[in-house]
Amino acid sequence: HGIIVALDDVTGGLFGDLPVATDARVRQVVGGARRCDSVRNALATITGEDSAWVLVHDAARPCIASADIERLVREVAEDPVGGLLATPMADTIKRADAGQRVAETPPRAGLWRALTPQMFRLGMLRTALAAAEAGGREPTDESQAMEWLGFAPRLVAGDPGNIKLTTPADLKLAATWLAQENRA
């Protein structure tokens, strides 16, 4: 029904220059210092029913495939908790100690890499994020906030190309992926 974009003051000014910013379905809110603050600020502007579904997507993941969004909505629409896109871990994971030496190699069976969007009921997500804040906890994603309330969100297989841009090398990878998608 709409899109809410949480941005800082600098990015917000740049966003306002984009054609999409004039779309009546798109609203802009001031983001927060942390991801969870930005999500809370955006959710606070929604006047819908607590049972309404919301999808939270990280702008640092521009390579999302529409088929993944459609699959998430289809597979989670009847779920009592909600869920998120994720991919099973293919890499071996190492946990480091304080000296940057391998302390442990956890088995990768059952480990998934969380992606976005993540889809939850508006009221439940507001409650989960408020409880995290009240408890002095900073969730790294919405699923974690829901988990802290005792819920077990559904994992929905997503495309591994839904990468998160965190380094300059990620920009090159995303550009290559997006160029491939535009040729299809």
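Counting in my numbering, the sequence shown runs from 21 upward without gaps. The beta-carbon is built from N, C-alpha and C at its ideal position, and this holds for glycine as well.
Can you tell which of the options has its C-alpha closest to the C-alpha of residue i?
i      : options                         : result
Ala199 : Cys83, Ala123 and Gly178        : Cys83
Asp29  : Arg128, Ala44, Thr107 and Val49 : Val49
Pro180 : Ala123, Leu27 and Ala85         : Ala85
Among residues of its own chain, excluding the 5 on either side of residue i, which ones have a beta-carbon nearer than 8 Å to its beta-carbon?
i      : result
Met166 : Val101, Gly102, Phe140, Met144, Leu145, Ala148 and Pro173
Arg47  : Gly22, Ile23, Ile24, Val25 and Thr65
Asp190 : Ile183 and Lys184
Met109 : Arg128, Leu131, Trp132 and Arg133
Ala204 : Per-residue confidence for Ala204 stands at a pLDDT of 44, beneath the threshold of 50, marking its modelled position as unreliable; no derived number is given.
Ala150 : Arg60
Thr112 : Thr125 and Arg128
On the CB-based measure, 16 or more other CB atoms within 10 Å of its CB, does residue i come out buried or exposed?
i      : result
Leu8   : The requested residue 8 is not part of the displayed model; the chain covers only 21 to 204.
Asp88  : buried
Ala152 : buried
Ser71  : exposed
Val74  : buried
Glu210 : Since the first residue shown for the chain is 21 and the last is 204, residue 210 is missing from the structure and cannot be characterised.
Ala62  : buried
Ala44  : exposed
Gly178 : buried
Leu92  : buried
By Cβ distance below 6 Å, which residues in the same chain neighbour residue i in space, the five residues on each side in sequence not counted?
i      : result
Thr136 : His77, Asp78 and Arg81
For residue i, which three-state DSSP category applies?
i      : result
Gly33  : helix
Arg54  : coil
Thr67  : coil
Ile89  : helix
Arg94  : helix
Val40  : helix
Ala177 : strand
Thr196 : helix
Arg45  : coil
Ala172 : coil
Val59  : helix
Ala26  : strand
Ala79  : coil
What residues in its chain sit with their C-beta under 7 Å from that of residue i, if we drop five residues either side in the sequence?
i      : result
Val96  : Gly102, Gly103, Met139, Arg174 and Val176
Arg54  : Glu158
Ala114 : Inspection of the sequence shows that residue 114 is occupied by Lys rather than by Ala. Counting only Cβ-Cβ distances below 7 Å, and skipping sequence neighbours, we find Val122 and Thr125.
Ser18  : Residue coverage of the chain in this structure runs from 21 to 204, which leaves residue 18 outside it and unanswerable.
Asp37  : none
Asp99  : Arg174
Going by the C-beta, is residue i closer than 7 Å to any heavy atom of the ligand ATP?
i      : result
Ala199 : Because no ligand of any kind appears in the structure shown, any question about the ligand ATP cannot be addressed here.
> Curious, which full-length beta strand (DSSP E) runs of at least 3 residues does the segment 114-167 contain?
Replying inline: Within the segment 114-167, complete beta strand (DSSP E) segments of at least 3 residues are found at 122-124 and 132-141, given in chain order.
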